[in-house]
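If you want the numbering used here, it's the position in the sequence shown, counting the first as 1, plus 255. A virtual CB, placed ideally from N, CA and C, is assigned to each residue, including glycine. Small disclaimer: the values here were computed from a predicted structure and weren't measured. Here's the structure, in structure tokens; my notes come after.
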Amino acid sequence: MSIDAEITKINEGIANVHVALYKFNTQLDGILQSLDSKLTDFDNGVDNAVGTVNGVGGDVINIFKHFPNEAVYYSILVTLLVLLNLCCLYMIYYIYQWIHERELRFDKEIRRYRKNVYRLVDEHRMAHSLENIETPPPTYDEYVKTADLYVNYHRHGYYGYYDCGCATYAPCPHGNGYYGYGGYGGYGGYGGYGGYGYKKK
Numbered sequence: 256m257s258i259d260a261e262i263t264k265i266n267e268g269i270a271n272v273h274v275a276l277y278k279f280n281t282q283l284d285g286i287l288q289s290l291d292s293k294l295t296d297f298d299n300g301v302d303n304a305v306g307t308v309n310g311v312g313g314d315v316i317n318i319f320k321h322f323p324n325e326a327v328y329y330s331i332l333v334t335l336l337v338l339l340n341l342c343c344l345y346m347i348y349y350i351y352q353w354i355h356e357r358e359l360r361f362d363k364e365i366r367r368y369r370k371n372v373y374r375l376v377d378e379h380r381m382a383h384s385l386e387n388i389e390t391p392p393p394t395y396d397e398y399v400k401t402a403d404l405y406v407n408y409h410r411h412g413y414y415g416y417y418d419c420g421c422a423t424y425a426p427c428p429h430g431n432g433y434y435g436y437g438g439y440g441g442y443g444g445y446g447g448y449g450g451y452g453y454k455k456k
């Protein structure tokens, strides 16, 4: 093998390498161009997002410009704290008054209870008193006996309601010479009482 043949083979190898590098460079250029295009799109999207965020931030700042400054909020917070402290003081004072006046409230409740009890007792007494009990009308027999008493009065010149206990309108069996009326059992079951006598002179 001669030197020229070896140089020829080396030149062919270098040419093959050059062709391979050219193809790789061409492919790499295509990849880089595609990546650059995608990065450009991403950069544009990021720029749009930044612009949107800046716009929202500007809107928020414009909205907060219409609100009062922090001094107003501090004043409102201090006022609320003062009101809460006053409420706590009032509750403490109310609890103290409630403990201090417990005996007065107890006496007041006792008086109110006694008033209600006495009222019920008075109503019960008025409902069951003798003045409120209605006397039944006289029966026919009592009416007849009263008529006989009237006749005896005009016949003998006297009549009487005597307390000896006689229960008939007749001459007294005790020899008193009066016509006695011993009473009757009225409404509610209570017994009558003996009368008093009159005598015509």
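query	result
Three-state secondary structure assigned by DSSP to F279	helix
Extent of the continuous alpha helix (DSSP H) run through N340	E325 to H355
Reduced DSSP secondary structure (H/G/I, E/B, other) of F322	coil
C-alpha gap between L287 and T263, whole angstroms	35 Å
Per-residue DSSP class, three states only, for S257	coil
Beta carbon proximity, Y277 to chain B, threshold 9 Å	The question asks about chain B, but that chain is absent: this structure has only one protein chain.
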